[in-house]
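When the letters of the sequence shown are read in order and numbered with the working numbering, they come out as residues 17 to 270. Just so it is clear, CB atoms sit at the ideal spot from N, CA and C, and this is done for glycine as well. First the structure, in the form of structure tokens, and then the observations on it.
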Amino acid sequence: MIDLHCHILPGVDDGARDLSESIEMAKKAVEQGIHTIIATPHHLNNRYENPKQTIIDRVRELNKILLDEKIDLNVLPGQETRIYGEMVEGYETGEILPIDNTQYVLVEFSSSHVPRYTEKLFYDLQMKGLIPVIVHPERNQEIIERPELLYKLVKKGALTQVTAASVCGDFGKKIKTFSLQLIEANLIHFIASDAHNTSNRTFKMREAFSIIQAKYGNDMVYLLEENGELMIEGSHVYKEVPERIKKKKFFKIF
Ligand code: FE
């Protein structure tokens, strides 16, 4: 399988601290059945700056080392970009790096809110041929409170990625329940680890897929798994018609 969101590059953000941690993460990924990882360092999230070329160079170095270590894992360049108003310009000046130079761009909101300019910015990105992929919407407070915000963005062409550990309940029961509701409402297109290490923020991909399989069957597992492959090919991904999360049901659970 593919993991399209992972902080495996050494010493560039709050992920792997050094090369030995990157290697540990790579081994763990292979154990999980992952053959390809997109390295997605934070960019413009507080203190981290990882523009396009830096990431490409670091990924090349890491792949060489994995080859020497005989670890059968392919790392591709990506970036987890914190949303900001000038993302289109950032793309044009070569700062922003879409997933392996495809049209898919990982966009991170802060954990507390969704900027008012998001809809307009996503429209502008799409006009440039890019497709924004919202990472871990299930962990955003404003989306938790008003899931129709996410529904609207998805309706207008944004895609979303749920984090495997959220589905497993590692961020609490509420986030687990909300993650499953988003999946059920066809508001999720990808699943990824967002792994930062091999301890408290690890892969959990197999575990999450087994929960999804038990609840929603093989078709949902297939869609989420296949979409990762389609993404790195730069192809269109599978999308089911998104539904609104019914408020009544939502508040009963919370
Ligand atoms: Fe991340």
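It is roughly 11 Å from the alpha-carbon of I81 to the alpha-carbon of D88.
Here the distance from the Cβ of H59 to the nearest heavy atom of the ligand FE is not below 8 Å. Taking the CA atoms as reference points, D73 sits about 40 Å from R162. Taken through DSSP and simplified to helix, strand or coil, T70 comes out as helix. Under the three-state reduction of DSSP, L89 is assigned to coil, being neither helix nor strand. When C-alpha distances from E245 are compared across T52, A32, A45, I228, the shortest belongs to T52.
In the displayed model, E124 falls within a strand according to three-state DSSP.
L113 is classed as buried because its beta carbon has at least 16 other beta carbons within 10 Å across all chains shown. Ranked by Cα distance from N156, the first of A224, Q69, I191, P57 is I191.
The beta-bridge partner set that DSSP reports for V149 consists of L122, L175.
Remark: the shortest separation between the CB of D19 and any heavy atom of the ligand FE does not fall under 8 Å. Considering only T218, T176, L83, K171, the residue with the shortest C-alpha distance to H152 is T176. The beta carbon of V149 sits no closer than 8 Å to any heavy atom of the ligand FE. Exclusion of the five residues before and after S209 leaves D19, C22, A180, F219, M221 as the residues of its chain whose Cβ lies within less than 6 Å of its Cβ.
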